[in-house]
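Under the numbering used here, the sequence shown is numbered contiguously, ending at residue 262.
A quick write-up on the structure given underneath.
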Amino acid sequence: MTIASPFSLAGMDVVVIGGASGIGEASARLAARSGARVVVADRDEAAAGRVVAAIAREGGTAVAREVDIRSGQSVGNLFPGLESEGFQPRGLVSTPGVNVRKRLADTNEEEFERVVSLNLKGTFHALRHGAASLARSGGGSIVLLSSIRSQVVEAGQGVYAATKAGIVQLARTAAAEWAASGVRVNALAPGVVETPLTAQIEKRPDWKQAYTDKTLLGRWASAEEMAAPTVFLLSPAASYVTGSVLFADGGWTAVDGRFDPL
Ligand SMILES: NC(=O)c1ccc[n+]([C@@H]2O[C@H](COP(=O)([O-])OP(=O)(O)OC[C@H]3O[C@@H](n4cnc5c(N)ncnc54)[C@H](O)[C@@H]3O)[C@@H](O)[C@H]2O)c1
Numbered sequence: 001m002t003i004a005s006p007f008s009l010a011g012m013d014v015v016v017i018g019g020a021s022g023i024g025e026a027s028a029r030l031a032a033r034s035g036a037r038v039v040v041a042d043r044d045e046a047a048a049g050r051v052v053a054a055i056a057r058e059g060g061t062a063v064a065r066e067v068d069i070r071s072g073q074s075v076g077n078l079f080p081g082l083e084s085e086g087f088q089p090r091g092l093v094s095t096p097g098v099n100v101r102k103r104l105a106d107t108n109e110e111e112f113e114r115v116v117s118l119n120l121k122g123t124f125h126a127l128r129h130g131a132a133s134l135a136r137s138g139g140g141s142i143v144l145l146s147s148i149r150s151q152v153v154e155a156g157q158g159v160y161a162a163t164k165a166g167i168v169q170l171a172r173t174a175a176a177e178w179a180a181s182g183v184r185v186n187a188l189a190p191g192v193v194e195t196p197l198t199a200q201i202e203k204r205p206d207w208k209q210a211y212t213d214k215t216l217l218g219r220w221a222s223a224e225e226m227a228a229p230t231v232f233l234l235s236p237a238a239s240y241v242t243g244s245v246l247f248a249d250g251g252w253t254a255v256d257g258r259f260d261p262l
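This is how it looks when you write it as structure tokens:
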């Protein structure tokens, strides 16, 4: 007889918004490998379709859906639509985010609104519609993407950092509000991860090295290294974890100096 692993997502329907690229794609693929039926939801439906095809090649089950999380109506239609097709969402990962790296003095109103409307307002839409859907399914787990920038900053990160700190407080509040419905809500805080979002930094060796040197592990993370803690938070293995922030940052935020007396 095999005893089921608490890390398994077998029997779970998991919606990954932003699942067409980067951390979302890696999370969708690992969730499927862990036994979930996955909904790859993204603004880029063609790219979501390519992830679905990759999941099928890996022996998993997934469907693609188009959604724009900046629109409450678009997210509001996604979950009832899935439920009417027979899905019972038990897991939600929401990843879409954008950064405009400019000093506050140089950031105009349009740039401020572009970052806030995707990162903070979009996450708000995904969270409240997703939590309601998971509650209708009998409970589940939500993972929101924050960042080390919720805690520590540098010049040029002001608006992005504010949204990532805001996401932590949305996660904590949602954990309080939906606990009685059996819905857990947590935030994942990555450091630096090799994805299309950070491709701009990859092209500047001095910039990339500066970030590498901030980590204790001496390297950037792969998207797969963010998928594993995401799947953990989705799984029954994290059944007592809610309202928390999991830092998967290679040690970036653990230390503030490098002097070693030995
Ligand atoms: N990559 C890193 O180093 C890093 C570090 C810390 C935090 N994060 C956070 O992790 C999250 C994911 O980052 P990533 O590197 O995987 O990004 P990514 O750019 O590779 O993927 C983002 C996905 O979201 C989709 N998307 C964009 N706008 C959307 C919208 N309006 N509606 C629906 N889908 C939309 C994109 O099509 C894409 O598939 C972000 O919130 C980011 O801030 C990333």
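Each residue gets a CB set at the ideal place from its N, CA and C atoms; glycine is no exception.
The structure presented is a predicted model; accordingly, all values stated were derived computationally and were not measured.
Residue from the options whose Cα sits closest to the Cα of residue i
i: Met12; options: Ile23, Ala36, Ser147; result: Ala36
i: Arg43; options: Gly122, Ala189, Ser5; result: Gly122
i: Gly18; options: Ala10, Ser84, Thr107, Arg29; result: Arg29
i: Val255; options: Leu216, Ala221, Leu246, Ser222; result: Leu216
i: Tyr160; options: Tyr211, Gly182, Val116; result: Val116
i: Ser74; options: Phe112, His125, Gln200, Leu170; result: His125
i: Gly81; options: Asn99, His129, Ala105, Glu109; result: His129
i: Ala162; options: Ile201, Val100, Asn77; result: Val100
i: Phe79; options: Glu111, Ala131, Ala46, Ala47; result: Ala131
i: Gln169; options: Ile201, Asp68, Leu127, Trp207; result: Leu127
Residues near residue i in its chain [Cβ-Cβ closer than 7 Å; skip 5 each side]
i: Val52; result: Val40, Ala62, Val63, Ala64
i: Ser137; result: Gln88, Pro89, Arg90
i: Arg103; result: Ala155, Gly156
i: Arg70; result: Ser117, Leu118, Lys121, Gly122
i: Leu246; result: Asn186, Leu188, Ala189, Pro229, Leu233
i: Gly251; result: Thr215, Leu216, Leu217
i: Val207; result: According to the sequence shown, residue 207 is Trp rather than Val. Excluding residues within five positions, the ones whose Cβ falls inside 7 Å are Ile201.
Those residues which DSSP pairs with residue i across a bridge
i: Leu188; result: Leu145, Leu246
i: Asp68; result: None; Asp68 has no bridge partner.
i: Pro276; result: Since the first and last residues shown for the chain are 1 and 262, residue 276 lies out of range.
i: Asp42; result: Glu66
i: Val52; result: Val52 is not bridged to any residue.
i: Arg37; result: Asp13, Thr61
i: Val183; result: Gly140
i: Ala221; result: Val193
i: Ser117; result: Paired residues: none, contrary to the question.
i: Ser94; result: Ile17, Leu144
Supposed close pair residue i, residue j - CB separation, criterion 8 Å
i: Pro89; j: Pro236; result: Contact flag wrong, Cβ pair sits at about 16 Å.
i: Leu184; j: Val241; result: The residue asked about is misnamed: residue 184 is Arg in this sequence, not Leu. Going by Cβ atoms, the distance from Arg184 to Val241 rounds to 7 Å, so yes, they are a contact pair.
i: Leu92; j: Leu134; result: 6 Å
i: Pro261; j: Gly22; result: In fact, because the Cβ distance is near 40 Å, the residues do not count as touching under 8 Å.
i: Glu177; j: Ala223; result: With a Cβ gap of about 30 Å, Glu177 and Ala223 do not count as contacting.
i: Ala189; j: Asp249; result: 6 Å
i: Gly243; j: Ser181; result: Gly243 to Ser181, Cβ: 14 Å. No contact.
i: Gly24; j: Thr95; result: 4 Å
i: Glu85; j: Glu66; result: The Cβ separation is near 14 Å, so there is no contact.
Beta-carbon proximity list for residue i, same chain, < 8 Å, skipping 5 on both sides
i: Ile55; result: Ala28, Arg29, Ala32, Val38, Val40, Thr61, Ala62
i: Ile167; result: Asn119, Leu120, Thr123, Leu144, Leu145, Ser146, Ser150, Ala187
i: Leu9; result: Ala31, Ser34, Gly35, Ala36, Gly91, Val231, Leu234, Ser235
i: Ser239; result: Pro6, Arg184
i: Ala4; result: Ala10
Close beta carbons around residue i, own chain, < 6 Å, minus the five adjacent residues each side
i: Lys164; result: Ser146, Ser147, Arg149, Ser150
i: Tyr211; result: Val192
i: Ala227; result: Ala26, Ser27, Leu30
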